[in-house]
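Participant:
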Amino acid sequence: MDKLKEKFAAKALPMAGEIKSLIKEHGKTVLGEYNIEQVYQGMHGMVGMVTETSKLDPEEGIRFRGYTIPELREALPKAPGGTEPLPEGIFYLMLIGELPTPEDVADVSNAWARRSNVPKHVLDMIDALPLTTHPMTIFSAAVLALQTESVFANAYRKGISKKDYWDPMYEDVMNLIARLPRVAAYIYRRLYKNNVHIEPDAKLDWAANFAHMLGYDEFEVKRLMRLYLTIHADHEGGNVSAHTTHLVGSALSDAYLSFSAGMNGLAGPLHGLANQEVVRWIFDLKEYYKGVTPTKEQIEEYINKTLAEGKVIPGYGHAVLRKTDPRYTAQRDFALKYLPDDENFKIVSMLYEVAPKVLGSLGKVKNPWPNVDAHSGVLLIHYGIVEYDFYTVLFGVSRSLGVMASLLWDRALSMPLERPGSVTTEGVKKMISDLQSAKA
Ligand code: HAX
11 MDKLKEKFAA KALPMAGEIK SLIKEHGKTV LGEYNIEQVY QGMHGMVGMV TETSKLDPEE
71 GIRFRGYTIP ELREALPKAP GGTEPLPEGI FYLMLIGELP TPEDVADVSN AWARRSNVPK
131 HVLDMIDALP LTTHPMTIFS AAVLALQTES VFANAYRKGI SKKDYWDPMY EDVMNLIARL
191 PRVAAYIYRR LYKNNVHIEP DAKLDWAANF AHMLGYDEFE VKRLMRLYLT IHADHEGGNV
251 SAHTTHLVGS ALSDAYLSFS AGMNGLAGPL HGLANQEVVR WIFDLKEYYK GVTPTKEQIE
311 EYINKTLAEG KVIPGYGHAV LRKTDPRYTA QRDFALKYLP DDENFKIVSM LYEVAPKVLG
371 SLGKVKNPWP NVDAHSGVLL IHYGIVEYDF YTVLFGVSRS LGVMASLLWD RALSMPLERP
431 GSVTTEGVKK MISDLQSAKA
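Structure representation (structure tokens):
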């Protein structure tokens with residue numbers, strides 16, 4: 011048995027009992043109120059689920075098990091000679107709730123290398139899709155095709171006690187995460203590198219092996235990949251990809267079915283697809299100004315043009331955050347250190363000076379500051395990964411760490427079927443008039 015599995019069981023299973031008593035004693039305690047606006051506008055700010063892995067503060071940004079991104083860039087174990095955390099470490103932290111040692115991280119790395127085999131039918135299925143298919147569609151379909159391997163689905167069919175659900179779910183979660191870099195790299199090489207594939211190297215860590223299979227063996231790309239896959243991992247439970255994975259998983263759909271559903275949400279332009287949209291927007295901006303690096307005034311003019319066309323400025327705004335996203339800041343920090351003279355980074359920096367002012371002046375944008383997606387593309391382009399339609403797949407590979415850790419917690423804590431209520435507008439109107447008559 012993986013050491014991680016033993017540690018998880020020791021940590022999570024007693025908590026299931028604790029939660030039962032907590033609900034028994036305090037189940038009727040009121041957590042908050044909500045209003046009509048929230049019901050109509052995406053349930054923003056309504057607390058409706060429990061997520062153990064991370065918590066988002068509107069002003070401060072994300073904390074993973076209490077640690078901020080700058081703290082984790084310091085504290086998480088790194089590859090020999092590396093400067094950025096290994097994503098294995100953030101997965102361990104989210105799952106176990108404690109900072110891992112280098113040995114813990116090596117154990118996770120080895121477990122994923124051991125579990126990474128992707129069955130041939132999945133690669134054949136990828137090969138069967140037209141080359142014009144969006145990489146996120148292929149990615150989601152490939153995850154579904156992997157569902158043939160679900161240990162949980164198999165155990166459920168054979169008959170398994172509720173209290174043991176977490177056990178096969180652990181196997182699915184680990185196997186799925188282990189297989190994703192190979193699946194994603196296969197999609198990338200097929201679409202953009204003449205269908206010439208690169209075999210995994212089991213000696214490399216998860217992120218370095220991914221960079222290797224994509225075709226980038228340079229130390230600098232591996233360094234970026236470790237940072238990228240760490241900071242995109244989780245953003246508490248309510249974001250579309252995390253919430254979808256959790257919701258679908260609540261029907262006892264296995265990890266593959268749940269994660270594929272989550273990825274379909276990540277593929278939306280208001281969520282993870284924003285990273286490709288940012289780059290498209292920057293390239294359109296450059297083309298508009300005839301390929302010459304635009305000035306701040308021209309950037310402002312182009313923002314206003316985008317807004318006048320009724321479009322959003324991709325990479326800016328957030329449903330919860332009210333300050334610059336610390337994931338943006340971590341990437342900016344990386345760029346200032348390693349690529350300060352990059353032309354696209356300079357545009358991203360000018361945008362940072364101009365866009366919040368313009369968006370803020372509209373008076374309706376609740377958060378005029380940049381989010382994670384405003385920065386990631388220019389770092390990838392700098393190192394030659396220019397195929398921006400693929401960027402959301404990179405995000406998806408990272409997001410697996412958070413949503414899969416959460417799904418495993420869901421099963422260990424016996425989280426039930428999720429089934430919120432809904433209202434009709436007729437019902438809302440009646441509620442309002444009843445309240446008004448009661449007051450009169
Ligand atoms: N550009 C232009 N207008 C924007 C805007 C932006 N970047 N952000 C918000 N607005 C507008 C909204 O469209 C809305 O306009 P209407 O009232 O006319 O409909 C108004 O400001 C109020 O919106 P809000 O309450 O501030 O924002 P929401 O919580 O409704 O939406 C979004 C949050 C992230 C969807 C939004 O800010 C947006 O569309 N941003 C651009 C797309 C983007 O970067 N998405 C990635 C977000 C982070 C993420 O999930 N990454 O994966």
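Start counting the sequence shown at 11; every next residue gets the next number (the working numbering). We put the CB at the ideal spot given by N, CA and C, even for glycine.
Can you tell me where the alpha helix (DSSP H) with LEU1 in it begins and where it stops?
Facilitator: With the chain covering only 11 through 450, there is no way to say anything about residue 1.
Participant: Using a threshold of 7 Å, is the CB atom of ILE79 nearer than that to any non-hydrogen atom of the ligand HAX?
Facilitator: Within the sequence shown, the letter at position 69 stands for residue 79. Every heavy atom of the ligand HAX is 7 Å or more from the Cβ of ILE79, so no.
Participant: What is the DSSP secondary structure of ILE309, reduced to helix, strand or coil?
Facilitator: Residue mapping note: residue 309 aligns to position 299 of the sequence shown, counting from 1. Residue state, collapsed to three classes: helix.
Participant: What three-state label does DSSP hand TYR298 in the structure shown?
Facilitator: What you label residue 298 is simply residue 288 of the sequence shown in a count that begins at 1. It is helical.
Participant: For the ligand HAX, is there any heavy atom lying closer than 7 Å to the beta carbon of LEU14?
Facilitator: As a first step, residue 14 must be located in the sequence shown, where it is residue number 4. The answer is no for LEU14.
Participant: If you drop the 5 nearest sequence neighbours on each side, which residues of the same chain put their C-beta closer than 6 Å to that of ALA22?
Facilitator: Working through the sequence shown from its first residue, we reach residue 22 at position 12. Once the five neighbours on either side are set aside, the close Cβ partners of ALA22 are ALA422.
Participant: Kindly indicate which three-state DSSP category PRO140 falls into: helix, strand or coil?
Facilitator: Position 130 of the sequence shown, counted from the first residue, corresponds to residue 140. Here PRO140 sits in coil by DSSP.
Participant: Sorry if obvious, but does the Cβ on LYS232 come closer than 7 Å to a heavy atom of the ligand ZN?
Facilitator: As far as ligands go, the structure on display features the ligand HAX and does not contain the ligand ZN.
Participant: For SER410, tell me which candidate among THR63, LYS15 and LYS306 has the shortest Cα-Cα distance.
Facilitator: Working through the sequence shown from its first residue, we reach residue 410 at position 400. The candidate whose alpha carbon is nearest that of SER410 is THR63.
Participant: When DSSP builds the beta bridges, which residues end up paired with LYS88?
Facilitator: Along the sequence shown, read from residue 1 onward, the residue named residue 88 stands at position 78. Note: LYS88 sits in a beta bridge opposite PRO95.
Participant: Give me the Cα-Cα distance between MET56 and VAL396, rounded to the nearest whole angstrom.
Facilitator: Residue mapping note: residue 56 aligns to position 46 of the sequence shown, counting from 1. Residue mapping note: residue 396 aligns to position 386 of the sequence shown, counting from 1. Approximately 39 Å, taken between the alpha carbons.
Participant: Buried or exposed, going by whether 16 or more other CB atoms sit within 10 Å of the CB of TYR298?
Facilitator: Working through the sequence shown from its first residue, we reach residue 298 at position 288. The residue is exposed, with fewer than 16 neighbouring Cβ atoms inside 10 Å.
Participant: Would you mind stating whether ALA243 and SER408 have Cβ atoms separated by less than 8 Å?
Facilitator: Position 233 of the sequence shown, counted from the first residue, corresponds to residue 243. Position 398 of the sequence shown, counted from the first residue, corresponds to residue 408. In contact: ALA243 and SER408 (Cβ atoms closer than 8 Å).
Participant: Assign PHE355 to one of two classes, buried (16 or more other C-beta atoms within 10 Å of its C-beta) or exposed (fewer than that).
Facilitator: The residue you call residue 355 lines up with position 345 of the sequence shown. PHE355 should be labelled buried.
Participant: Is the segment 234 to 243 touching the segment 76 to 95 in the sense that three or more CB pairs, one from each, lie closer than 8 Å?
Facilitator: yes
Participant: Suppose contacts are defined by Cβ-Cβ distances below 8 Å. Is ARG75 in contact with ASP67 by that definition?
Facilitator: Taking the first residue of the sequence shown as position 1, residue 75 is located at position 65. Taking the first residue of the sequence shown as position 1, residue 67 is located at position 57. Result no, Cβ atoms of ARG75 and ASP67 do not sit closer than 8 Å.
Participant: Does the separation of the CB atoms of VAL115 and PRO87 fall below 8 Å?
Facilitator: Along the sequence shown, read from residue 1 onward, the residue named residue 115 stands at position 105. Along the sequence shown, read from residue 1 onward, the residue named residue 87 stands at position 77. When the beta-carbon positions are compared, VAL115 and PRO87 come within less than 8 Å of each other.
Participant: For the ligand HAX, is there a heavy atom less than 7 Å away from the beta-carbon of LEU280?
Facilitator: Here residue 280 refers to the residue found at position 270 when the sequence shown is read from its first residue. Yes, Cβ of LEU280 sits closer than 7 Å to a heavy atom of the ligand HAX.
Participant: Taking 7 Å as the cut-off, is the C-beta of ALA252 nearer than that to any heavy atom in the ligand HAX?
Facilitator: The sequence position of residue 252 within the sequence shown is 242, counting from 1. No - the ligand HAX has no heavy atom lying nearer than 7 Å to the Cβ of ALA252.
Participant: What residue does the alpha helix (DSSP H) around LYS356 start on, and which one ends it?
Facilitator: As a working mapping, residue 356 is identified with position 346 in the sequence shown. Taken as a continuous stretch (DSSP letters only), the alpha helix (DSSP H) holding LYS356 covers 353 to 371.
Participant: Taking the CB atoms as reference points, tell me whether MET273 and VAL153 lie closer together than 8 Å.
Facilitator: Counted from its first residue, the sequence shown places residue 273 at position 263. Counted from its first residue, the sequence shown places residue 153 at position 143. Yes, the pair counts as a contact, with Cβ atoms nearer than the cut-off.
Participant: Name the residue from PRO350, ILE187, THR402 and ILE33 whose alpha carbon lies nearest to the alpha carbon of VAL289.
Facilitator: Counting from 1 along the sequence shown, the entry for residue 289 is found at position 279. Comparing alpha carbon positions, the residue from PRO350, ILE187, THR402 and ILE33 closest to VAL289 is THR402.
Participant: Could you check where the beta strand (DSSP E) with LYS65 kicks off and where it finishes?
Facilitator: By 1-based counting over the sequence shown, the position of residue 65 is 55. It spans 64 to 67 - the beta strand (DSSP E) in which LYS65 sits, taken as one unbroken run.
Participant: Looking only at C-alpha atoms, which of ILE442, LYS449 and GLN446 sits nearest to GLU47?
Facilitator: Counting from one through the sequence shown, the residue named residue 47 turns up at place 37. Comparing Cα positions, the closest option is ILE442.
Participant: Which one of LYS168, ARG189 and GLY327 has the shortest CA to CA distance from ALA155?
Facilitator: By 1-based counting over the sequence shown, the position of residue 155 is 145. Closest by alpha carbon: ARG189.
Participant: According to DSSP, which residues form a beta bridge with TYR77?
Facilitator: Taking the first residue of the sequence shown as 1, we reach residue 77 at position 67. Answer is PHE74.
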